[in-house]
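Visitor: Sequence lines, in order, name chains A, B and C. Under the working numbering, the residue at position 63 of the first sequence is numbered 63, and the numbers go up by one with no gaps. Whatever position you read off the second sequence (first residue = 1), add 288 for the working numbering. Whatever position you read off the third sequence (first residue = 1), add 893 for the working numbering. I am attaching a structure below and will ask some questions about it afterwards.
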Amino acid sequence: MTTELLLQLLVSGLGMGFIFALIAVGLALIYGMMGIVNFAHGEFLMISMYATYYAFSLGHLDPVLTLPLVAAAMFVLGVFVYYVLVRRVINGSMHAQIFATFGLMIFLQAAAQFFFGADYYAVTGSLLSGVVLLGSVTLPMPQISAAIGATLTTLALYVVMFHTAPGRSLRAVSQDRIAALTLGVNADRMNALAWGLSAACVGIAGSLLANFYYVFPRVGGVFVLVAYVAVALGGFGSVGGALFGGLIIGVLQVLAGFYLPSTLKFVPVYLLYLVIVLVRPTGLLGRQ
Amino acid sequence: MTNRLIATVHSSQFGARSWLMPTIVFASLTALVLLPFGLNGRPFELRLFTIIFLNAAMGQAWNILGGYAGQTSIGHAIFFGLGAYTSTLAGLELGLNPWLGAVLAMLVSALAGVLLGFPCFRLKGHYFVIATLVIAESIFLVFTEWNAVGAAIGLEIPIRPSSWLNFQFGRDKTPYYWIALAFATLVTVFVARLSSHRLGFILKAIRDDESAARSLGYSLQRYKTIAIAFSAGLIGFAGTFYAQYVLLIDPPTVLGAPISIAIALIPILGGIGTVSGPLLGAVVLTTLSEYSRAYFSGSGRNVDLMIYGALIMAIAAYRPAGLVSLFRRVRGLNAPESVPVDATAPAVPVTPTAAPAFERTAADPILCVRSVSRRFGGLQALDQVSFQVMRHEILGIVGPNGAGKSTLFGVMCGDIRPDSGSVKLEGMPLLGERSDTLARRGIVRTFQTPRPFLSMSFEENILVAALVRITDRREARREARARLAQVGLLDCADRPALGASTGQRKRLDIARALATNPTILLLDEPLGGVDPGSIPGVIELLQAIRAQGTTIVVIEHNLEALSGLADRLIAMALGTKIAEGAPADVMQDRRLVHAYLGAEVHAAA
Amino acid sequence: MREQHKRSITRWGQFCSTALSALLIATGFALVPPSEAAEVVKIGAIYPLSGQVAKSGEDTLNAIKLAVDVINGKYPDSGLPFAKPGGLPKLGGAKIELIAVDHQGKPEIGAAEAERLITQEKVVALIGTFFSSVAASVGQVAERNEVPFITGESEATPLTERGYKWLFRTTPSSRTQAKDFFVFLRDLNAQHGQKIQSIALVHENTLWGQEFGQSITGYAAEFPEFKIVADISYQQGTTDVTSEVQRLIAAKPDVVFHASYDAEAILFARTYKQFNFTPQGVMAIGAAFGSSAFRDALKDDAKYYLVREHWARDLAGKSPLIESVGRLYLNAYNKPMDGTPARAFQAMMVLADAINRAGSTDAKAIQKALQETNLPPSSLIMPWEGVQFDAKGQNTKTRGIFIQTLANGPATVWPTDLAQAKLVWPRSGPR
């Protein structure tokens, strides 16, 4: 194993890691807010990828341009899903919450096939395709943009959460809902805001992902388990933890895929998750 | 057998008996047994019912872990797949008869469950769910690559002549139907019995409130392990059945994530933690998905899956306790945490006695706390605290909020490990044992905010506690009722604990702790939130408890009440002990007044 | 206490009666007899219409629907068998009714649906199932119920090794196809002066991919001049293939043999491009690396991939039927036909032909007719030498082709007698 190769693997791993992180960040936000794991998160990803694809193929709009539009559209979708479905289960048991979003996942996958068909689509020739060569290391443009996107999104989230009024209210509700209510914070609206932000984050991820991954109704399932593990690894509720978790997973799976039979490349990731949560039952950066 | 059946069918009621129930059950069973003859060999419907029964059985089995012990697993495909592969491999490699293979499969699956639970039960909530997911996924991937088990190509069970011995039926699949029906019935009866058995109560208690269960003396690890062993073992049989049914297994078919989800969906949507939930869930979900696939899937538009997803969402949103809640109230599992106001608190009119009627003889330390310290991050919660608790005394602990009183309790009962120092019970040191072990050794605590088991009635709450040391149900029930009477809640025996007022909850907590027959009772603010009229009654109760030989340590803010109750007081502030002695002396202690009220007030006094 | 008692009794009663009602309704469905129809030959089609390979299932089923339309006379001028005047002549012009159902990729559901189609819908034959694992289960059911089952695209070799008398397979098996890879390379070395030695094998790890892998490694002994330097099996639905491609790069193969479905084909091709991985040739089994979706996604970079295919539209010169069916499919479904729908179309045609020759819907008659099938190449839409089943039910007259994507689109480049364009070898690297 030459240093060149190792470097390439690390760089590629980080690239994928940023993509996982970007997908995971939205999940972490929702969990931190209200303790719900959104099992339909992958389907939000899928929808944003379809949106990006159709904007590109029918509207000839480059994904770079449509990214903010897709994010905005996903924000609306997230809020909608909150009001129509999540609000009903938010005070219920964990089971009801899990299965409400599971049902949504199954429904959205089927609806996607119903409306878009089962074909695979790919965005080709956008501004974000191609590679950048740094010495002997190849940096694919989509991964670079995902890295930038993930970092910017996480930063933006922090800014929103800590330096804006709605963000502060969001954090208040997540820390102590009753207290926040007594202070006049509309907890319901804050929850909806969180869902909207989460969907917007994954919308950005989908927009970037569509540049190099193919879109089809079940694409959500490919990425979503990784996202959960990233969130859990980093600690449920910690957005920074999700970023961290995603990066670790990205690097680990690339290295594992090189040395182990490729089918098993995620097994070390899963084992790492188990080891970490057994030692620190709330993940790496999670709240105690 | 008939009596037992009646009793088990009524397990979720309050032990009532009737002739209507068993008649309905027997009629249904007979109808189901005879149904195949009416189906005229229509394989689709025969298969539909077979799958319904199989799903019902698996749902019940999942419920043992998920509904009763409260651990949600989305990885049960592990046990299904291991069961299928074990019996198949045993047949192929060792020539083992499939029935024996089934037994082996159940053992292997149960063992897998125990191994999985051993590290994972430490995980809470979603962490556990994700853990089950990733373990299942890992096993799936390993099997896909592993040539010895056929990898992706899977294993085929050789076709043998149809017979019960061979566990294979070719043309006429009716025997599969009966086996599945028998399986579902047996598992349902098992779960129903479990529900009213000691083990069932303990699991329900653990599900409702792990801390409270542990504080009474139940080892969480042990009981969860038992639950998963049963759950996994039964699913293992289902795996063998499936293998013998389809005669071809491969990783996607028996180890895939959709299987785990399907197994869990049935009891969750049917009604988690109930006996009838999985049955209802199996009937509704299976029928719907099979028919919609048969009639709608051909268009390739996935309309059937849209319907399925929409149904799941609807049930989760509108009937989160499951379909069963359409028929009856399911207690406690989806309750909001609000506590009803103590509107009609029965004031127990007893004249308070100022002096304890009990005469202590020699001062005999039962518990020695020596130089105990504990830090939480930047906060020194306990700093070199030392004192002794004398046998049969009532010792009060006072101090302002944040003094470390509850932390001290935590150390004394094993919830919290001290950084330094030691605690000795009857001369034997507590060597970092957990609260359940210590509870069995005789130290039991109540909680500042009462923690009743919300899905149970008043009496059942105490029953759980009594079952720690009394194995006979009847005797335990007697003990429970006695304790209820002792705290004046006997007339509430059958009411759900969910509706208890604060005062009732406090007394329930005390009665529950008493039922374990503790040597030392640690009471955390027993008068908190109790209306003034009821306080004398509580005080009398505590005195009576002490009179029966229990040592009591009380944290209280109600200094007036405490001074009439306690033999001695210990005052704490900021993690240190600042005073110790007779109540009158301690209450006058400058440092205590200072701590409670602040320097300025003291100066002004 | 009595109150509660009574209430709980009524509730339990409610529950039990509802549960019983549900069961009775289900039974009611069971006892409703299926609708009878005259003058119609019912055929059951079982395909994966949801899940990861829904697209392939859909495309294949669409081809069969097209075949049924042709047989029923919807395209009288197409020149295809039965097109004019439509219907099966020896059954009085009876039309075919296709009943399709989704097996969701699960063998057990496939078997259950097969049973239902046979016993309740009274189909006279089954066609399916894309996945070989499901085909095995359906084959079992067909065998037991003595109903003919034809498959045009389930390739797993063991399917025809079970001694089934009611299963017929028109497509060549995976093993037969694998041999073509080596024959092609040997050809290149001998006729075209190439010096190809090392082969890397990449395959997805479901039954299809693993079987292909096994077939290739099995044949390696027969072709000792080649060495397999890497065997990479990856999980379907992988998020990225960086490590896989890096392993390939490290192995430095002359040629890569590839077995992937559409989705990962795109992913691999893009990753090859990103890392500038340029073996002399990439040869794939299955249509993925030459499909229109692939070409759309990769644009210029789709060039020079080779697919071991079954059908190509540019072979129209050999038979006008090829052109005809290609045009019909494109018009009907807005996408070009490739080998898998083509094979399914052909299988349907073979089945119809057999039913027609049998002159009745009697199962045994159809079975006999199938066994006696001997279709000449001129009646086929496939570039085969005919359709004739051996004792195991396998069609022995198939031929494989290699298609290469060139500047003008896909073109058949091998075998020489069918080639429509010149093979480009080694494939040029990216510009």
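Even glycine gets a Cβ: it sits at the ideal position worked out from N, Cα and C.
Tell me whether A:F18 sits in a helix, a strand or coil according to DSSP, three-state version.
Guide: Within the first sequence, the letter at position 18 stands for residue 18 of chain A. The answer is helix: DSSP assigns A:F18 an H, G or I state.
Visitor: Comparing the C-beta of A:G250 with each C-beta of chain B, is any distance below 8 Å?
Guide: Counted from its first residue, the first sequence places residue 250 of chain A at position 250. No, A:G250 does not count as interfacial toward chain B.
Visitor: I believe A:G32 touches A:V202 by the beta-carbon criterion, under 8 Å. Please report the beta-carbon distance rounded to the nearest angstrom.
Guide: As a first step, residue 32 of chain A is located in the first sequence; it is residue number 32 there, counting from the start. As a first step, residue 202 of chain A is located in the first sequence; it is residue number 202 there, counting from the start. Wrong, their Cβ atoms sit about 15 Å apart, outside the cutoff.
Visitor: If contact means a Cβ-Cβ distance below 8 Å, which residues of the segment 118 to 149 of chain A contact chain C?
Guide: Answer set for the segment 118 to 149 of chain A: A118, D119, Y120, Y121, A122, T124, G125, V131, T138, P140.
Visitor: Buried or exposed: which applies to B:F409, given that a residue is buried once 16 or more other Cβ atoms fall within 10 Å of its Cβ?
Guide: In the second sequence, residue 409 of chain B corresponds to position 121, counting from 1. B:F409 comes out buried.
Visitor: Using Cβ-Cβ distances below 8 Å, what residues of the segment 575 to 591 of chain B are close to chain A?
Guide: Within the segment 575 to 591 of chain B, the residues whose Cβ lies closer than 8 Å to some Cβ of chain A are G588, R589, N590, V591, listed in chain order.
Visitor: What residues from chain B crowd round C:E1104, counting only those whose CB sits closer than 8 Å?
Guide: Translated into the one-based positions of the third sequence, residue 1104 of chain C becomes position 211. Near C:E1104 (Cβ distances below 8 Å), the residues of chain B are I441.
Visitor: In the structure shown, what three-state DSSP assignment does B:A643 receive?
Guide: As a first step, residue 643 of chain B must be located in the second sequence, where it is residue number 355. Low confidence applies to B:A643: its pLDDT is 41, below 50, so where it sits in the model is not reliable, and the reading given next is rough at best. Here B:A643 sits in coil by DSSP.
Visitor: If you draw a straight line from the alpha carbon of B:L655 to that of B:G821, how long is it in whole angstroms?
Guide: By 1-based counting over the second sequence, the position of residue 655 of chain B is 367. By 1-based counting over the second sequence, the position of residue 821 of chain B is 533. Answer to the nearest angstrom: the Cα atoms are 33 Å apart.
Visitor: If you measure from the beta carbon of C:Q1128 to each beta carbon in chain B, is any gap under 8 Å?
Guide: Your numbering for residue 1128 of chain C matches position 235 in the third sequence. Yes, C:Q1128 lies at the interface with chain B (some Cβ there is under 8 Å from its Cβ).
Visitor: Taking Cβ positions only, does A:Y273 come closer than 8 Å to chain C?
Guide: Position 273 of the first sequence holds residue 273 of chain A. Not one chain C Cβ lies under 8 Å of A:Y273.
Visitor: Helix, strand or coil, according to DSSP, for C:A931 in the structure here?
Guide: What you label residue 931 of chain C is simply residue 38 of the third sequence in a count that begins at 1. In this predicted model, C:A931 has a pLDDT of only 48, less than 50, meaning its place in the structure is not dependable enough to derive any value.
Visitor: Taking only beta-carbon positions, decide if C:V994 is within less than 8 Å of chain B.
Guide: Translated into positions along the third sequence, residue 994 of chain C becomes position 101. For C:V994, the answer is yes, since a Cβ of chain B falls inside 8 Å of its Cβ.
Visitor: Would you identify the three-state DSSP class for B:I833, choosing helix, strand or coil?
Guide: For the purposes of this step, residue 833 of chain B is identified with residue 545 of the second sequence, where counting begins at 1. Looking at B:I833 - three-state DSSP - the assignment turns out to be helix.
Visitor: Just confirm the distance between the C-beta atoms of A:A200 and A:A24, as a whole number of angstroms; I'd bet it's less than 8 Å.
Guide: Residue 200 of chain A sits at position 200 when you count from the first residue of the first sequence. Residue 24 of chain A sits at position 24 when you count from the first residue of the first sequence. Wrong, their Cβ atoms sit about 14 Å apart, outside the cutoff.
Visitor: Give the straight-line distance between the Cα atoms of C:A1312 and C:I1294, rounded to the nearest whole angstrom.
Guide: The residue labelled residue 1312 of chain C in the question sits at position 419 within the third sequence. The residue labelled residue 1294 of chain C in the question sits at position 401 within the third sequence. Looking at the two C-alpha atoms, the distance is approximately 9 Å.
Visitor: Please list, in chain order, all residues of the same chain as A:F162 whose beta carbon is under 8 Å from its beta carbon, the five residues on each side excluded.
Guide: What you label residue 162 of chain A is simply residue 162 of the first sequence in a count that begins at 1. Closer than 8 Å at the Cβ level, and outside the excluded window around A:F162, lie R168, R171.
Visitor: So, does the CB of C:G877 fall closer than 8 Å to a CB anywhere in chain B?
Guide: Outside the shown range of chain C (894 to 1324) lies residue 877 of chain C, about which nothing can therefore be said.
Visitor: Name the two residues that bound the continuous beta strand (DSSP E) containing A:P63.
Guide: By one-based count along the first sequence, residue 63 of chain A stands at place 63. Not the beta strand (DSSP E): A:P63 falls in the alpha helix (DSSP H), residues 63 to 81.
Visitor: Against chain A, does C:Q1013 count as a neighbour if the rule is that its beta carbon must be under 8 Å from one of theirs?
Guide: Stepping through the third sequence from its first residue, residue 1013 of chain C is reached at position 120. No, no contact with chain A.
Visitor: Sort A:G250, A:T52, A:F18 by Cα distance to A:V215 and report the nearest one.
Guide: Residue mapping note: residue 215 of chain A aligns to position 215 of the first sequence, counting from 1. The candidate whose alpha carbon is nearest that of A:V215 is A:T52.
Visitor: Starting from the beta carbon of B:I556, find every residue of chain A whose beta carbon is closer than 7 Å, and list them in chain order.
Guide: Residue numbering aside, residue 556 of chain B sits at position 268 when the second sequence is read from its first letter. Those within 7 Å of B:I556 in chain A are H95, F99.
Visitor: Below 9 Å on C-beta distance, what does A:V254 contact in chain C?
Guide: Here residue 254 of chain A is taken as the residue at index 254 of the first sequence, counted from 1. Near A:V254 (Cβ distances below 9 Å), the residues of chain C are D1133, T1135, S1136, Q1139.
Visitor: When we look at the beta-carbon of A:I148 and count the other beta-carbons within 10 Å, is it buried (16 or more) or exposed?
Guide: In the first sequence, the residue the question calls residue 148 of chain A occupies position 148. It counts as exposed.
Visitor: Write down the C-beta distance between B:R800 and B:L504 rounded to the nearest angstrom, noting that I regard them as a contact closer than 8 Å.
Guide: Residue mapping note: residue 800 of chain B aligns to position 512 of the second sequence, counting from 1. Residue mapping note: residue 504 of chain B aligns to position 216 of the second sequence, counting from 1. Right, their Cβ atoms sit about 7 Å apart.
Visitor: For C:K1015 and C:K935, what's the separation of their Cα atoms in angstroms?
Guide: Taking the third sequence and counting its residues from 1, one reaches residue 1015 of chain C at position 122. Taking the third sequence and counting its residues from 1, one reaches residue 935 of chain C at position 42. Each residue's alpha carbon lies about 7 Å from the other.
Visitor: Under the three-state reduction of DSSP, which class applies to B:M716: helix, strand or coil?
Guide: Counting from one through the second sequence, the residue named residue 716 of chain B turns up at place 428. B:M716 falls in the strand class under three-state DSSP.
Visitor: Would you identify the three-state DSSP class for C:H1085, choosing helix, strand or coil?
Guide: Position 192 of the third sequence, counting from 1, holds the residue named residue 1085 of chain C. Looking at C:H1085 - three-state DSSP - the assignment turns out to be coil, as it is neither helix nor strand.
Visitor: Using the three-state DSSP reduction, which class does B:G326 fall into: helix, strand or coil?
Guide: By 1-based counting over the second sequence, the position of residue 326 of chain B is 38. Helix at B:G326.
Visitor: Using a C-beta to C-beta distance shorter than 8 Å, which residues of chain B count as neighbours of C:A1005?
Guide: The residue you call residue 1005 of chain C lines up with position 112 of the third sequence. Those within 8 Å of C:A1005 in chain B are P331, F332, R335.
Visitor: Compile a chain-ordered list of the residues in the segment 777 to 806 of chain B whose CB is closer than 9 Å to at least one CB of chain C.
Guide: Flagged, chain order: D782.
Visitor: Would you verify that the beta carbon of C:E951 is, or is not, closer than 8 Å to some beta carbon of chain A?
Guide: Along the third sequence, read from residue 1 onward, the residue named residue 951 of chain C stands at position 58. For C:E951, the answer is yes, since a Cβ of chain A falls inside 8 Å of its Cβ.
Visitor: Could you name the residues of chain C that B:E433 contacts, counting a contact when the two beta carbons are closer than 8 Å?
Guide: To locate residue 433 of chain B, count along the second sequence from 1; it is residue 145. The answer, in chain order, is N1098, S1126.
Visitor: Using a 10 Å radius around the Cβ and a threshold of 16 neighbouring Cβ atoms, would you call B:Q836 buried or exposed?
Guide: Counting from one through the second sequence, the residue named residue 836 of chain B turns up at place 548. Classification for B:Q836: exposed.
Visitor: What would DSSP say about A:V123, mapped onto helix, strand or coil?
Guide: Translated into the one-based positions of the first sequence, residue 123 of chain A becomes position 123. Residue state, collapsed to three classes: coil.
Visitor: Report yes or no: is there a C-beta of chain A within less than 8 Å of the C-beta of B:E868?
Guide: Counting from 1 along the second sequence, the entry for residue 868 of chain B is found at position 580. Not an interface residue.
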